[in-house]
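Down below is the structure, laid out as structure tokens.
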Amino acid sequence: MKVTFPHFGNTFFAAKAAFDGLGIDYAVPPLCNKEALEIGSYYSPEEMCLPFKIMIGNYIQGIKEGADTVLTTGSCGPCRFGEYCELQMDILKKLGYDVDFIVFDAPKAIGKEEFLRRVSLISNASSKSNNEQIEAALNGLKVINLIDDIEKIAHIKCGYEINKGESKKILNSCKREIYSINNPEEVVKRLHEYKRKIKSVPIDLNKKPITVGIVGEIYTIAEPFSNLYIEDKLMDYGVCIKRKLSPSWWVKNTIMSAINMQSLDIRLASRKYLPLYIGGHGRECVGETVLSKREGCDGVIQIFPLGCMPEIVSKSILPTVSKDLNMPVMTLIVDEMTGETGYMTRIEAFLDLLERRKSNNVLSWS
Amino acid sequence: MKVGIPRALLYYKYNPFFETFYSELGCEIIESPETNKVILDYASKYCVDEACLPIKIFHGHVYYLKDKCDMILVPRIMRVNDKEYICPKFCGLPEMIENSIYDLPPITKTPIYANNKEKLLRWANREGGNITKNKIKIKRAFDNALREQEKYTCGVNDEGYKTKVVLAGHPYSVNDSFLNMNVIKKLNNLGIGVITEEFVSKDDINYEVDKLFKRPFWTFTKDTYGSTVYLADNRKVDGIVYVSSFGCGIDSVLIELIKNNVGDFPFLILKVDEHTGEVGFNTRIEAFSDMLLRRKLS
Ligand code: SF4
Ligand code: SF4
Numbered sequence: 000m001k002v003t004f005p006h007f008g009n010t011f012f013a014a015k016a017a018f019d020g021l022g023i024d025y026a027v028p029p030l031c032n033k034e035a036l037e038i039g040s041y042y043s044p045e046e047m048c049l050p051f052k053i054m055i056g057n058y059i060q061g062i063k064e065g066a067d068t069v070l071t072t073g074s075c076g077p078c079r080f081g082e083y084c085e086l087q088m089d090i091l092k093k094l095g096y097d098v099d100f101i102v103f104d105a106p107k108a109i110g111k112e113e114f115l116r117r118v119s120l121i122s123n124a125s126s127k128s129n130n131e132q133i134e135a136a137l138n139g140l141k142v143i144n145l146i147d148d149i150e151k152i153a154h155i156k157c158g159y160e161i162n163k164g165e166s167k168k169i170l171n172s173c174k175r176e177i178y179s180i181n182n183p184e185e186v187v188k189r190l191h192e193y194k195r196k197i198k199s200v201p202i203d204l205n206k207k208p209i210t211v212g213i214v215g216e217i218y219t220i221a222e223p224f225s226n227l228y229i230e231d232k233l234m235d236y237g238v239c240i241k242r243k244l245s246p247s248w249w250v251k252n253t254i255m256s257a258i259n260m261q262s263l264d265i266r267l268a269s270r271k272y273l274p275l276y277i278g279g280h281g282r283e284c285v286g287e288t289v290l291s292k293r294e295g296c297d298g299v300i301q302i303f304p305l306g307c308m309p310e311i312v313s314k315s316i317l318p319t320v321s322k323d324l325n326m327p328v329m330t331l332i333v334d335e336m337t338g339e340t341g342y343m344t345r346i347e348a349f350l351d352l353l354e355r356r357k358s359n360n361v362l363s364w365s
Numbered sequence: 000m001k002v003g004i005p006r007a008l009l010y011y012k013y014n015p016f017f018e019t020f021y022s023e024l025g026c027e028i029i030e031s032p033e034t035n036k037v038i039l040d041y042a043s044k045y046c047v048d049e050a051c052l053p054i055k056i057f058h059g060h061v062y063y064l065k066d067k068c069d070m071i072l073v074p075r076i077m078r079v080n081d082k083e084y085i086c087p088k089f090c091g092l093p094e095m096i097e098n099s100i101y102d103l104p105p106i107t108k109t110p111i112y113a114n115n116k117e118k119l120l121r122w123a124n125r126e127g128g129n130i131t132k133n134k135i136k137i138k139r140a141f142d143n144a145l146r147e148q149e150k151y152t153c154g155v156n157d158e159g160y161k162t163k164v165v166l167a168g169h170p171y172s173v174n175d176s177f178l179n180m181n182v183i184k185k186l187n188n189l190g191i192g193v194i195t196e197e198f199v200s201k202d203d204i205n206y207e208v209d210k211l212f213k214r215p216f217w218t219f220t221k222d223t224y225g226s227t228v229y230l231a232d233n234r235k236v237d238g239i240v241y242v243s244s245f246g247c248g249i250d251s252v253l254i255e256l257i258k259n260n261v262g263d264f265p266f267l268i269l270k271v272d273e274h275t276g277e278v279g280f281n282t283r284i285e286a287f288s289d290m291l292l293r294r295k296l297s
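First to last, the sequence lines map onto chains A and B.
When the letters of the first sequence are read in order and numbered with numbering that gives the first Met the number 0, they come out as residues 0 to 365.
When the letters of the second sequence are read in order and numbered with numbering that gives the first Met the number 0, they come out as residues 0 to 297.
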């Protein structure tokens with residue numbers, strides 16, 4: 000068995016560590032790229048949302064590197080994500096690829112037995128002992144938490160750093176380096192070192208950088224390729240970034256939701272505007288916008304793929320939130336046609352607006 | 000008290016329930032008219048741009064009603080079957096309305112879980128409680144409303160046509176003849192009869208649905224999928240006509256699912272939004288009808 004999986008932000012570092020620990024062969028598809036998107040858009044239904052298309056590209060590129068099994072997660076509505084796997088299987092089958100799918104749905108939805116059966120498909124392929132397998136999974140978890148943490152710190156430090164570009168450089172070299180290591184323990188160790196390193200980047204607290212909250216559909220905000228690397232660009236501008244949704248957040252949220260204790264802060268913050276879960280991460284989007292204000296953001300950027308159903312609901316609510324909180328909110332919608340130039344112009348104009356507001360200390364905004 | 004009921008979205012399926020409930024509580028019912036040009040104009044003005052046509056049209060109806068009544072029914076239908084959903088947009092409908100249209104009278108926001116009677120009664124008590132404090136009256140209105148709903152059937156099953164197609168799509172796409180540009184009449188005029196999913200038995204639907212790797216968790220998707228594939232596979236119809244709204248995330252999945260399972264069976268997809276031109280629309284239906292005829296003759 001040779002496994003491949005779709006990209007989703009930093010998850011592949013964790014998946015790699017886990018599979019290395021399990022001793023299972025895998026093919027990491029090339030990082031999301033134009034070609035993956037082109038392949039995906041070509042074979043996917045036109046009106047499908049962007050994550051679906053990029054994922055198809057990932058699978059095909061992974062299969063070309065020898066994978067025979069696709070590992071992915073599912074959900075049970077109300078959004079499209081839960082239906083992805085059925086259609087993706089059909090598409091790959093039609094293309095003549097003979098691959099198995101292992102879909103991790105929540106145990107609640109498919110039943111515990113089925114869930115364990117699917118887990119066993121993986122664990123049977125590993126020659127390691129039970130303890131070693133658990134160890135491997137835990138290492139994967141550690142990796143995702145650490146790398147997301149490092150990224151989070153870099154996203155704040157970039158606004159205050161004395162040597163321009165230092166945080167970003169450390170973040171990038173961290174990613175490059177751990178990717179080339181095949182020993183999970185070593186990866187965890189290096190990540191700890193990098194965490195210390197990023198924490199000790201010298202900063203100037205007299206700086207008053209703009210802080211932007213990034214909210215929206217989880218895939219498009221956590222997978223940099225899909226949002227045209229907006230965070231890299233913001234870092235270059237010396238803008239601090241706050242983004243809650245990330246793969247490690249997702250893991251924690253999924254586990255906590257089993258006992259209905261997930262993201263209490265977000266739920267509380269969204270109550271006034273959207274008191275119910277509507278699917279996808281629409282409610283989180285609204286809640287985080289509210290929290291962003293409390294956490295000192297100067298503005299919020301909402302990003303989602305064209306046609307994303309839950310985010311369209313939140314988009315209709317955000318103008319009210321923005322007005323109530325006196326904080327600008329801009330929405331960016333991405334799909335395979337999004338042009339870099341227009342996109343960048345909008346981001347720059349938004350940053351200008353935030354800059355002006357900050358320096359004038361403008362009180363009202365509409 | 001005047002209660003406004005927008006003639007849009009699941010009005011076409013569940014209106015008897017709501018109308019009976021509110022009139023039994025002594026309310027005067029103000030229904031918006033069938034969708035028309037004026038409502039469509041409101042729709043595109045007072046709704047977030049990215050929404051699909053049916054959601055926009057719902058906004059248009061609410062806008063039409065807003066100065067004509069004391070409260071407006073905005074049904075937040077979360078589900079009608081266990082473990083199934085309708086669409087994320089239904090779950091956030093009251094919020095979309097509230098944040099897109101100003102100066103509204105009160106709207107109903109209580110979530111509706113119609114998958115079981117007790118949960119539905121909870122909705123009735125909550126919303127009914129805003130109108131009368133008399134619990135018995137609410138219960139009576141509720142029971143009668145359910146009874147009326149049970150009696151009600153919608154859908155079409157034309158007899159006497161040589162050629163027949165299944166008209167697939169969400170209930171509002173199929174039933175709102177302004178939204179679907181009178182597609183039923185147009186088909187009939189070309190000598191094509193229409194059948195809708197309501198005329199396929201639950202067993203036949205489930206039989207088809209169970210063949211999928213994963214049971215779709217959207218109620219109407221499940222019904223549309225099962226009935227369409229059943230009718231096509233068993234050659235009960237000569238073709239499929241699917242009315243879909245641009246930007247409908249659910250249709251993007253459903254249409255693929257059907258395509259993947261009916262092979263090269265004649266399949267016409269009619270996409271609509273507020274800019275759809277009638278001429279092109281008609282041409283496509285005519286071309287499809289010619290094609291069906293040719294297939295019959297050969
Ligand atoms: S949340 Fe949006 S992007 Fe994700 S599956 Fe749903 S519609 Fe697609
Ligand atoms: S199911 Fe489709 S058409 Fe209906 S409200 Fe949802 S997105 Fe719109």
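We put the CB at the ideal spot given by N, CA and C, even for glycine.
Computed from a predicted model, the values in this text were never measured in an experiment.
I want to see whether chain A comes within less than 8 Å of residue 273(B), judged by CB atoms only; does it? As a first step, residue 273(B) is located in the second sequence; it is residue number 274 there, counting from the start. No Cβ of chain A is located within less than 8 Å of the beta carbon of residue 273(B).
How about residue 296(A): is its C-beta nearer than 8 Å to some C-beta of chain B? Working through the first sequence from its first residue, we reach residue 296(A) at position 297. So, not an interface residue.
Quick one: does residue 336(A) have its CB under 8 Å from some CB of chain B? Locating residue 336(A) in the first sequence gives position 337, counting from the first residue. No, residue 336(A) lies away from the interface with chain B (no Cβ there is under 8 Å from its Cβ).
Heavy atom of ligand 1 less than 7 Å from the Cβ of residue 96(A), yes or no? On the first sequence, residue 96(A) is found 97 positions in, with the first residue counted as 1. Result no, Cβ not under 7 Å from ligand 1.
Decide if residue 101(B) is buried, meaning its Cβ has at least 16 other Cβ atoms within 10 Å, or exposed. The residue labelled residue 101(B) in the question sits at position 102 within the second sequence. Classification for residue 101(B): exposed.
Ignore the nearest five residues each way along the sequence and tell me which others in residue 229(B)'s own chain have a CB closer than 6 Å to its CB. Here the question's residue 229(B) lines up with position 230 in the second sequence. 199, 203, 207.
Figure out for me which residue from 277(A), 77(A), 333(A) has the closest Cα to the Cα of residue 36(A). Within the first sequence, the letter at position 37 stands for residue 36(A). If we check each option's Cα against that of residue 36(A), 333(A) comes out closest.
Is the distance from the Cβ of residue 71(A) to the Cβ of residue 5(A) below 8 Å? As a first step, residue 71(A) is located in the first sequence; it is residue number 72 there, counting from the start. As a first step, residue 5(A) is located in the first sequence; it is residue number 6 there, counting from the start. Yes. Within cutoff.
Residue 53(B) Cβ short of 7 Å to ligand 2 heavy atom set: Here residue 53(B) refers to the residue found at position 54 when the second sequence is read from its first residue. The answer is yes for residue 53(B).
Could you check if residue 11(B) belongs to the surroundings of ligand 1, using beta carbon to heavy atom distance under 7 Å? Position 12 of the second sequence holds residue 11(B). Checking the Cβ of residue 11(B) against ligand 1 gives no.
Closer than 7 Å at the beta carbon, the chain A residues around residue 211(B): Residue numbering aside, residue 211(B) sits at position 212 when the second sequence is read from its first letter. In chain order, 85 make up the part of chain A whose C-beta sits under 7 Å from the C-beta of residue 211(B).
Within 10 angstroms of the Cβ of residue 212(B), are there 16 or more other Cβ atoms? Answer buried if so, exposed if not. Against the second sequence, residue 212(B) aligns to sequence position 213. Within 10 angstroms of the beta-carbon of residue 212(B) lie fewer than 16 other beta-carbons, which makes it exposed.
Contacts around residue 266(A), its chain only, beta-carbon distance under 7 Å, and the 5 residues preceding and following it disregarded: Stepping through the first sequence from its first residue, residue 266(A) is reached at position 267. Excluding sequence positions up to five before and after residue 266(A), its CB lies within less than 7 Å of the CB of 286, all in the same chain and listed in chain order.
Hey, quick one: how far does the beta strand (DSSP E) through residue 241(A) stretch, first residue to last? Within the first sequence, residue 241(A) is the residue found at index 242, counting from 1. Boundaries of the beta strand (DSSP E) around residue 241(A): 239–241.
Answer with yes or no whether the minimum CB distance from residue 118(A) to chain B is below 8 Å. Locating residue 118(A) in the first sequence gives position 119, where the first residue counts as 1. No - not a single Cβ of chain B is within 8 Å of the one on residue 118(A).
So, is the C-beta of residue 86(B) closer than 8 Å to a C-beta in chain A? One-based indexing of the second sequence puts residue 86(B) at position 87. Judged by the 8 Å Cβ criterion, residue 86(B) is in contact with chain A.
How close, in whole Å, do the beta carbons of residue 300(A) and residue 213(A) come, if the pair is a contact with beta carbons under 8 Å? As a first step, residue 300(A) is located in the first sequence; it is residue number 301 there, counting from the start. As a first step, residue 213(A) is located in the first sequence; it is residue number 214 there, counting from the start. Indeed, because the Cβ distance is near 6 Å, the residues count as touching under 8 Å.
Chain-order list of residues whose beta-carbon lies under 6 Å from that of residue 27(B) (same chain, five-residue window excluded): Stepping through the second sequence from its first residue, residue 27(B) is reached at position 28. Hits under 6 Å: 1.
Contacts around residue 143(A), its chain only, beta-carbon distance under 6 Å, and the 5 residues preceding and following it disregarded: For this step, residue 143(A) is matched to residue 144 along the first sequence. Cβ neighbours of residue 143(A) beyond the five flanking positions: 13, 246, 247.
Cβ closer than 7 Å: which chain B residues qualify as neighbours of residue 319(A)? Taking the first sequence and counting its residues from 1, one reaches residue 319(A) at position 320. For the C-beta of residue 319(A), the chain B residues within less than 7 Å are, from N- to C-terminus, 98.
For residue 336(A), count neighbouring C-beta atoms within 10 Å of its own C-beta (all shown protein chains included) and say buried if the count is 16 or more, exposed if not. The count along the first sequence starts at 1 and reaches residue 336(A) at position 337. Of the residues assessed, residue 336(A) falls on the exposed side of the cut-off, its CB having fewer than 16 other CB atoms within 10 angstroms.
In whole angstroms, what is the alpha-carbon distance linking residue 169(A) and residue 33(A)? The residue given as residue 169(A) occupies position 170 in the first sequence. The residue given as residue 33(A) occupies position 34 in the first sequence. Each residue's alpha carbon lies about 25 Å from the other.
Ignoring anything shorter than 4 residues or poking outside the stretch 2–56 of chain A, list the alpha helix (DSSP H) runs there in chain order. For the stretch 2–56 of chain A, whole alpha helix (DSSP H) runs of length 4 or above, ordered along the chain, are 10–21, 33–42.
Taking residue 291(B) as the reference, give the member of 161(B), 183(B), 196(B), 251(B) with the closest Cα. Position 292 of the second sequence, counted from the first residue, corresponds to residue 291(B). Closest by alpha carbon: 161(B).
Work out the CA separation of residue 166(B) and residue 195(B) for me, nearest whole Å. The count along the second sequence starts at 1 and reaches residue 195(B) at position 196. The count along the second sequence starts at 1 and reaches residue 166(B) at position 167. When rounded, the distance between both Cα atoms is 5 Å.
Taking a contact to mean a Cβ-Cβ separation below 8 Å, would you say residue 274(A) touches residue 87(B) in this structure? For the purposes of this step, residue 274(A) is identified with residue 275 of the first sequence, where counting begins at 1. For the purposes of this step, residue 87(B) is identified with residue 88 of the second sequence, where counting begins at 1. Contact flag unset, no.
Along chain B, which residues have their Cβ under 7 Å away from the Cβ of residue 89(A)? For the purposes of this step, residue 89(A) is taken as residue 90 along the first sequence, with counting starting at 1. Chain B residues near residue 89(A): 259.
Determine whether the Cβ of residue 49(A) lies closer than 8 Å to any Cβ atom of chain B. As a first step, residue 49(A) must be located in the first sequence, where it is residue number 50. So no, residue 49(A) is outside the interface.
Could you tell me whether the Cβ of residue 216(B) comes closer than 8 Å to any Cβ of chain A? Along the second sequence, one-based indexing puts residue 216(B) at 217. Yes, because at least one Cβ of chain A sits closer than 8 Å to the Cβ of residue 216(B).
Look at the alpha carbon of residue 151(A) and the alpha carbon of residue 326(A), and state the distance between them as a whole number of angstroms. Here residue 151(A) refers to the residue found at position 152 of the first sequence. Here residue 326(A) refers to the residue found at position 327 of the first sequence. About 22 Å.
Quick check: the Cα distance between residue 129(B) and residue 316(A), rounded to an integer number of angstroms? Locating residue 129(B) in the second sequence gives position 130, where the first residue counts as 1. Locating residue 316(A) in the first sequence gives position 317, where the first residue counts as 1. C-alpha of residue 129(B) to C-alpha of residue 316(A): approximately 25 Å in a straight line.
If you measure between the beta carbons of residue 270(B) and residue 288(B), is that distance less than 8 Å? To locate residue 270(B), count along the second sequence from 1; it is residue 271. To locate residue 288(B), count along the second sequence from 1; it is residue 289. Cβ atoms of residue 270(B) and residue 288(B): not closer than 8 Å.
Using a Cβ-Cβ cut-off of 7 Å (strictly less than) and excluding sequence neighbours within five positions of residue 21(B), which residues of its own chain qualify? By one-based count along the second sequence, residue 21(B) stands at place 22. Sequence-distant partners of residue 21(B) (beyond 5 residues in either direction) whose C-beta falls short of 7 Å from its own C-beta, in its chain, are 2, 28.
Tell me whether residue 244(B) counts as near ligand 2, meaning its Cβ is closer than 7 Å to at least one heavy atom of that ligand. As a first step, residue 244(B) is located in the second sequence; it is residue number 245 there, counting from the start. For ligand 2, at least one heavy atom lies less than 7 Å from the Cβ of residue 244(B).
Does ligand 1 have even one heavy atom less than 7 Å from the beta-carbon of residue 266(A)? The sequence position of residue 266(A) within the first sequence is 267, counting from 1. Flag unset: Cβ of residue 266(A) not near ligand 1.
Residue burial classification, residue 286(B) (beta-carbon count within 10 angstroms, cutoff 16): The residue you call residue 286(B) lines up with position 287 of the second sequence. In the assembly as shown, residue 286(B) is an exposed residue. Its beta-carbon has fewer than 16 other beta-carbons within 10 Å.
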